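S.K.:
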Amino acid sequence: DLVATAYGACVFTIMGIAAKTHGFSIDGAKVETVKVMGTDPRRIVELVAQFTFPPNNYSAKQKKILELATKECPVYNSLHPDLKKTVTFLYLE
């Protein structure tokens, strides 16, 4: 649970920095994270994260900035490449 939480918090930090750098805000955004466990050996096999953004008329460029930021997260980049990472973005209208 802490790995999933750290992942979500780290990505949000990177997204916030990217948004501020480009002159927009992600205030009110939320993330839900889930870890999926495997067996033999018992380990995390997948991290699932859904980022939900409040109505803000994000442009296509702003969405691209946010979505690319997920791959700049140090936690993301520290995880084993075999660990599946499923990320979805929901932009509310």
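Residue numbers 2 to 94, in our numbering, belong to the letters of the sequence shown in order.
Backbone N, C-alpha and C fix where the C-beta goes; we use that ideal spot for every residue, glycine too.
A quick note: this is a predicted structure, and the numbers were derived from the prediction, not measured.
Return the chain-ordered ranges of every alpha helix (DSSP H) run that is complete within the region 10-82 and spans a minimum of 4 residues.
M.R.: List check, alpha helix (DSSP H) in window: 61-70, 75-79.
S.K.: Beta-carbon separation of T34 and G9 under 7 Å?
M.R.: The residue you call residue 34 lines up with position 33 of the sequence shown. The residue you call residue 9 lines up with position 8 of the sequence shown. Yes, these two residues count as a Cβ contact at 7 Å.
S.K.: Could you spell out the range, first to last residue, of the beta strand (DSSP E) harbouring L84?
M.R.: Walking along the sequence shown from the start, residue 84 turns up at place 83. It is not in any beta strand (DSSP E) - L84 carries neither H nor E in the DSSP assignment.
S.K.: Under three-state DSSP, which class holds L93?
M.R.: The sequence position of residue 93 within the sequence shown is 92, counting from 1. The answer is coil: DSSP assigns L93 none of H, G, I, E or B.
S.K.: Can you find the residues in the same chain that come closer than 7 Å, C-beta to C-beta, to P56, ignoring five residues on each side of it along the sequence?
M.R.: Reading the sequence shown from its first residue, position 55 is the one you call residue 56. Answer for P56: L93, E94, listed in chain order.
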